[in-house]
Structures are given as C-alpha cells and as structure tokens.
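Chains as they are written, first to last, in our numbering: chain A, 414 to 625; chain L, 904 to 974. The beta-carbon is built from N, C-alpha and C at its ideal position, and this holds for glycine as well. Keep in mind it's a predicted model, so treat the numbers as computed, not measured.
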Ligand SMILES: [Zn+2]
C-alpha cells in the first residue's frame, strides 16, 4: 500500500485531514514493536524533557482523540492529554516496550482517565446540560463523525447493529459491560457476546486493511 | 484465571468494560501469556482506529512543561 511511503513526519505534523488513511495505517502499525518507544521511555526515565516532547508530538493527537471521543468536550479532553503525559513523566517505568507500543500505553492511560471523568460529577453535570439523545442516535453519530476514516466506518457498518451499539456504548460511552446491559435492558451474557463478536470482526477487518 | 477465560475476556478488557477485579485478573494472566498479549495488540489497534486524532491546542504542551517543572 502506498501509504507506507509517506514520510512519518507528515503524519506527525497532525495535518489531520491529510488523510484518515494514514491514521488507519498507523494504527495497523501499532501491533509491531517499535524500538524507538523503548528509547523514548528511557529518555523520559532519565528526566529528558525532549524525549517527552517527542512522545507528545508523536502521540498527543491520538491521546486527545480518544479523550474527546469519550468526553465530547474540548477542555476536558485537553486536561486528559496533560494528565496522560504528566503520568508518563512521573512513572515511565510502568511502560514495558516488550508488552506493547508506547502509543497503546498512552491511549490506555487516556481512555481510563476519561472513563473516570465520565463517572465523576463534573462530567455528569456537563452531560446533563445537553439534550438527551436516544442511544441509537449517539451511536450513528459516532460512526459518521468527522475524524473516523472510511475504512473504520465501513468496518463498523459491517457489524450487526447490536454489536456496534454495545461496542460504542462501552468504548465511547465509558460504560462497563454490566452498565451497557442495564442501559439496553439486555442480559449481561448477551452484551458480552455481542462485544466479543464485534471486536473480533473489527480486528479482522482492520488487520485485513493493513495487509492489502 | 486460565488462558481460555482470559482470551474470552480480552475484547471487553481492551474496551475497559470489565470491573476492576476482572480487569486485574486478566492483566495478571496477560503478563505471562504471549498468545493473549498478541491477541490484545490486535484489539488495541481496533480501539486506536475507533479513536481518531485531534491535534491538541498550542497551550497544552506549555502547561505540561509547567507541571513537570524541568527546563
Ligand atoms: Zn493466554
């Protein structure tokens, strides 16, 4: 695929619109260990600010992306970006490059922190100020929103509606599968298997896009 | 937690949709199981793709610098 020949710097510059295809390609790369990650973490461990800055330039936009998806609030999302990189600075030894990429590590921190915020009172208040949307509408909105690539959108549209809905509520809504079950009025086992089936399909179709 | 049980929970784990005890049990197994780790990497690629990217505003990096207090 030609995307591989696009210089990394272009993607890093965050020219968001250049292409969602680049995002997909980069996310596919996520499963490949990156020797640079260990270097950056070691640099941060030795209190080198430049290493943290490089990590921020490389992954800051993805970190904000995940936070915004959950929080739907620019300021809260940027707070999470701050928290995530400060957390990495404070304990870089928590990152083990043999177990995954730095990007995954940072996105995991950001998603967990965002979910915590969603469950906090501040977010609840903000959320309550918005007009209530039917669940279904929320999910469709996520699927069609601006910064998802066609590849991801198509992969989502290939899922059964119930699978898409359960995954969106868990990941974008920050709900546990038990809460998803409550919200949809379904047995917990049903939600579990819908999430499992949907994630397997997504994993297959997105890694298929990688090898083309 | 054994391999089969952990493997089944990985999709939920990757979405942070398990409760704390469940997540910790999966984590403990994943730490010692390369098969589950590679499976999990595939799900991490999915969650990353679902997130998209948004460039942080110009004031975000300076505020991180202010907090870590290093010149
Ligand atoms: Zn295993």
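How many angstroms separate the CA atom of residue i from the CA atom of residue j?
| i | j | result |
| --- | --- | --- |
| residue 946 of chain L | residue 954 of chain L | 13 Å |
| residue 525 of chain A | residue 919 of chain L | 7 Å |
| residue 572 of chain A | residue 951 of chain L | 18 Å |
| residue 922 of chain L | residue 608 of chain A | 15 Å |
| residue 517 of chain A | residue 464 of chain A | 17 Å |
| residue 453 of chain A | residue 942 of chain L | 25 Å |
| residue 972 of chain L | residue 499 of chain A | 10 Å |
| residue 957 of chain L | residue 493 of chain A | 13 Å |
| residue 440 of chain A | residue 508 of chain A | At residue 440 of chain A the pLDDT is 41, less than 50, meaning the model places this residue with poor confidence and gives no usable figure here. |
| residue 944 of chain L | residue 911 of chain L | 15 Å |
| residue 483 of chain A | residue 531 of chain A | 8 Å |
| residue 436 of chain A | residue 478 of chain A | Only weak support is given to the placement of residue 436 of chain A: the predicted model assigns it a pLDDT of 41, under 50, and the value that follows is read from those uncertain coordinates. For residue 436 of chain A and residue 478 of chain A, the distance between alpha carbons rounds to 11 Å. |
| residue 575 of chain A | residue 511 of chain A | 35 Å |
| residue 926 of chain L | residue 589 of chain A | 11 Å |
Output, in chain order, the set of chain L residues within a Cβ distance shorter than 7 Å of residue i.
| i | result |
| --- | --- |
| residue 583 of chain A | 918 and 920 |
| residue 491 of chain A | 959, 960 and 963 |
| residue 508 of chain A | Per Cβ cutoff of 7 Å: no residues; residue 508 of chain A is ~14 Å from chain L at best. |
| residue 467 of chain A | What residue 467 of chain A touches in chain L: nothing, since even the nearest Cβ is about 11 Å away. |
| residue 478 of chain A | 954, 955, 956 and 957 |
For residue i, return the contacting residues in chain L, with the cut-off set at a CB-CB distance below 9 Å.
| i | result |
| --- | --- |
| residue 608 of chain A | 914, 915, 918 and 920 |
| residue 570 of chain A | In chain order: nothing, as chain L lies at least about 13 Å away. |
For a contact meaning CB atoms closer than 8 Å, what does residue i contact in chain A?
| i | result |
| --- | --- |
| residue 940 of chain L | 512 and 513 |
| residue 911 of chain L | 609 |
Can you name the residues of chain L whose CB is closer than 8 Å to the CB of residue i?
| i | result |
| --- | --- |
| residue 474 of chain A | 956, 957, 958 and 959 |
| residue 520 of chain A | 947, 950, 951 and 954 |
| residue 620 of chain A | 945 and 948 |
| residue 482 of chain A | 953, 954 and 955 |
Just confirm the distance between the C-beta atoms of residue i and residue j, as a whole number of angstroms; I'd bet it's less than 8 Å.
| i | j | result |
| --- | --- | --- |
| residue 959 of chain L | residue 473 of chain A | 5 Å |
| residue 933 of chain L | residue 616 of chain A | With a Cβ gap of about 16 Å, residue 933 of chain L and residue 616 of chain A do not count as contacting. |
| residue 570 of chain A | residue 914 of chain L | The pair is not a contact, with the Cβ atoms about 19 Å apart (cut-off 8 Å). |
| residue 480 of chain A | residue 490 of chain A | 4 Å |
Does ligand 2 have even one heavy atom less than 7 Å from the beta-carbon of residue i?
| i | result |
| --- | --- |
| residue 922 of chain L | With respect to ligand 2, the structure shown offers nothing to examine, as its ligands consist of ligand 1. |
Hey, which residues come within less than 6 Å of ligand 1, measuring from Cβ to any heavy atom, in chain order?
L/906, L/909, L/910, L/932, L/936, L/938 and L/939
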